[in-house]
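S.K.: Here you go, one structure.
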Amino acid sequence: MKDPEAVAAIMSALREAHGDNVARAFLADGVSLAALVDAVFSLPIKNSVAVRAIARAFESGDFVISPDIGPLWHVKYVCSHPGSMTVVDLVVLTPERTFTSTEISMRLRG
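The sequence shown begins at 1 in the working numbering and counts up by one.
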């Protein structure tokens, strides 16, 4: 693993939200970015800490991202309302298109 702390943070969030067996299945079979966002944002942590945990995992290289978004991409944070610093969702921008969090799946590289 390139970033074991990022993987551990994601595993902990999924365990807390869904239980150990479901969390393991998500990491092995894939979890939508939307479900991951929901799990991490449901933790009793600051929004900024949750955002960093997701971004770190997404950028770590420890997860296979489907569909293949290619080498050039950018994460855009969707906030609760204009001017807010409270992130509620993520989208991924590539030169070809924009992917919503429901269109992206992540699974642990194995």
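Heads up, the beta-carbon is just placed ideally off N, CA and C, and yes, glycines get one too.
(1) Could you pull out every residue in the same chain whose Cβ sits closer than 6 Å to the Cβ of Ala-53, ignoring the five residues on either side in sequence?
(2) Determine the direct distance from the alpha carbon of Val-91 to that of His-81, and round the result to whole angstroms.
(3) Considering only their Cβ atoms, is the gap separating Met-85 from Val-33 smaller than 8 Å?
(4) Taking 7 Å as the cut-off, is the beta-carbon of Arg-52 closer than that to any non-hydrogen atom of the ligand GDP?
(5) Which first and last residues belong to the alpha helix (DSSP H) in which Arg-52 is found?
(6) Per DSSP, Ile-104 forms a beta bridge with which residues?
(7) Measure from the alpha carbon of Pro-67 to the alpha carbon of each residue in Val-37, Val-31 and Cys-79, then state which is nearest.
M.R.: Checking against the coordinates, here is how it stands:
(1) Ala-9 and Val-40
(2) 16 Å
(3) In the sequence under discussion, the amino acid at residue 33 is Leu, which differs from the Val named in the question. For Leu-33 and Met-85, no; Cβs fall outside 8 Å.
(4) Judged by which ligands are present, the structure shown has none, so any question about the ligand GDP falls away.
(5) 47-60
(6) Bridge partners of Ile-104: none, in fact.
(7) Val-31
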